[in-house]
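Under the working numbering, the sequence shown has 66 at position 47, and the numbering climbs by one with no breaks.
Virtual Cβ for every residue (Gly too), placed ideally from N, Cα, C.
The structure presented is a predicted model; accordingly, all values stated were derived computationally and were not measured.
As structure tokens, the structure follows; a few thoughts come after it.
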Amino acid sequence: MFTLPLAVSALDSANDLVSAAGNGRLTKVDSLLGSGVDANAKAPRGRTALMAAAFFGNTGVLKRLLAAGADVNLADDNGATALMDAAAFGHASVVSILITTGADVNAKDNNNNTALSRATRAGNEAIVKILEDAGAVEVAAEEPAQ
Numbered sequence: 020m021f022t023l024p025l026a027v028s029a030l031d032s033a034n035d036l037v038s039a040a041g042n043g044r045l046t047k048v049d050s051l052l053g054s055g056v057d058a059n060a061k062a063p064r065g066r067t068a069l070m071a072a073a074f075f076g077n078t079g080v081l082k083r084l085l086a087a088g089a090d091v092n093l094a095d096d097n098g099a100t101a102l103m104d105a106a107a108f109g110h111a112s113v114v115s116i117l118i119t120t121g122a123d124v125n126a127k128d129n130n131n132n133t134a135l136s137r138a139t140r141a142g143n144e145a146i147v148k149i150l151e152d153a154g155a156v157e158v159a160a161e162e163p164a165q
């Protein structure tokens, strides 16, 4: 019987979990987590299922991943977190959940952007208020590193 190397198998599982989370497929997320896939598994570019759920505003999946131990402060290869994604794309309920579960409201990505700077740039005033009420402070973003 042919078996895939562990690294390939783990990457496929991470990709499956990230895809299911992004598409709001809670049953599939439950199945993957139940089969032992790590809630913090990283797909290419360091993206996690929690980031995908936050990006697309899938609160049910987000809550399930958090209950399964997903790290609210993991960053992708660019330094972006789930909170930054939710703030940029206008998902106020996700932002609130992430803050309540310990998200660092002042975390910076590789270009010195924060959830607050992303929400401000996107014109998401309600999220700006949520972040400021949680202690977020504005920082000056830098030009991308060369």
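Pick from the options that is closest to residue i, judged by C-alpha positions
i       : options                             : result
Ala-86  : Gly-98, Asn-143, Thr-133 and Ala-58 : Ala-58
Lys-127 : Val-156, Ala-71 and Ala-40          : Val-156
Asn-92  : Glu-144, Ala-73 and Ala-40          : Ala-73
Ser-38  : Gly-53, Gly-55, Thr-67 and Val-113  : Thr-67
First and last residue of the uninterrupted alpha helix (DSSP H) at residue i
i       : result
Thr-78  : 78-86
Phe-75  : 68-75
Glu-144 : 144-152
Ser-136 : 134-141
Leu-52  : 45-53
Val-167 : The requested residue 167 does not occur in the structure, where the chain is confined to residues 20 to 165.
Ala-101 : 101-107
Three-state class that DSSP yields for residue i in the structure shown
i       : result
Lys-61  : coil
Ser-38  : helix
Ala-126 : coil
Asp-4   : Residue 4 falls outside the range modelled here, since the chain spans only 20 to 165, and no answer is possible.
Leu-23  : Per-residue confidence for Leu-23 stands at a pLDDT of 38, beneath the threshold of 50, marking its modelled position as unreliable; the derived number appears in the next sentence. Of the three classes helix, strand and coil, the one that applies to Leu-23 here is coil, per DSSP.
Exercise. Can we say the segment 99-107 touches the segment 117-135, given the rule of at least three CB pairs closer than 8 angstroms?
Worked result: yes
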